[in-house]
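Participant: Please see the structure below; I have some questions.
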Amino acid sequence: MSASPVILRRLGIAGVCLVSLALCCGLAWWQWERFSSASGTFQNLGYVLQWPLFGLFPAFMFWRIRKLRRRAAEADAQETVAETAVPEVPAPRRRRAPVPPPPEDDELAAYNRYLRELNARDK
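Shown next, in the form of structure tokens:
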């Protein structure tokens with residue numbers, strides 16, 4: 018008995034989508050007549066292309082909302098499964114041996130001595 022309201026709701030939404038499409042196609046036809054008349058402009062032609070898109074928009078939104086609800090339900094189901102599953106214990110990390118500093122070359126050692134001498138002179 019609970020399926021009946023769901024079916025009625027879906028039929029109502031489908032009816033609204035069809036009425037919207039029919040109305041917007043009628044408006045597109047009216048704009049086409051205006052475009053083909055002597056006083057018609059390219060703006061009317063733009064509306065001819067635009068009205069059918071407006072008519073399809075409610076159907077697109079109905080499809081999009083259903084898709085988002087389905088994704089949310091799947092995410093909730095996965096979250097429930099994840100909560101009941103046994104958590105994985107991460108593998109212990111290996112300690113790395115300390116890396117010895119690279120040997121100091123002669124130029125760098127001379128430069129460091131020079132800096133120490135300059136520092137000693139300033140004091």
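Start counting the sequence shown at 18; every next residue gets the next number (our numbering). We put the beta carbon where it would ideally sit given N, CA and C, even for glycine.
1. Is the Cβ-Cβ distance between L35 and Y64 less than 9 angstroms?
2. Please report how far the alpha carbon of A31 lies from the alpha carbon of P75, in whole angstroms.
3. Considering only the alpha carbon of each residue, which of E91, L125, S37 and E124 lies closest to L70?
4. With W68 and Q95 assumed to form a contact (beta carbons below 8 angstroms), what rounded beta-carbon distance in angstroms separates them?
5. Could you tell me whether the Cβ atoms of L28 and G72 are closer together than 9 angstroms?
6. Considering just the uninterrupted stretch of the alpha helix (DSSP H) at E121, what are its terminal residues?
7. Quick check: the Cα distance between D93 and V106, rounded to an integer number of angstroms?
8. From V116 to R110, what distance separates their C-alpha atoms?
9. Taking just the CA atoms, how far does V98 sit from P119?
Facilitator: By the coordinates alone:
1. Remark: C-beta atoms of L35 and Y64 do not approach each other more closely than 9 angstroms.
2. Taking the CA atoms as reference points, A31 sits about 9 angstroms from P75.
3. Cα-wise, what sits closest to L70 is S37.
4. About 42 angstroms separates the two Cβ atoms, so there is no contact after all.
5. Not in contact: L28 and G72 (Cβ atoms no closer than 9 angstroms).
6. Careful: E121 lies outside any alpha helix (DSSP H) and carries neither H nor E.
7. Those two C-alpha atoms are separated by around 24 angstroms.
8. CA-CA distance, V116 to R110, rounds to 17 angstroms.
9. Answer to the nearest angstrom: the Cα atoms are 51 angstroms apart.
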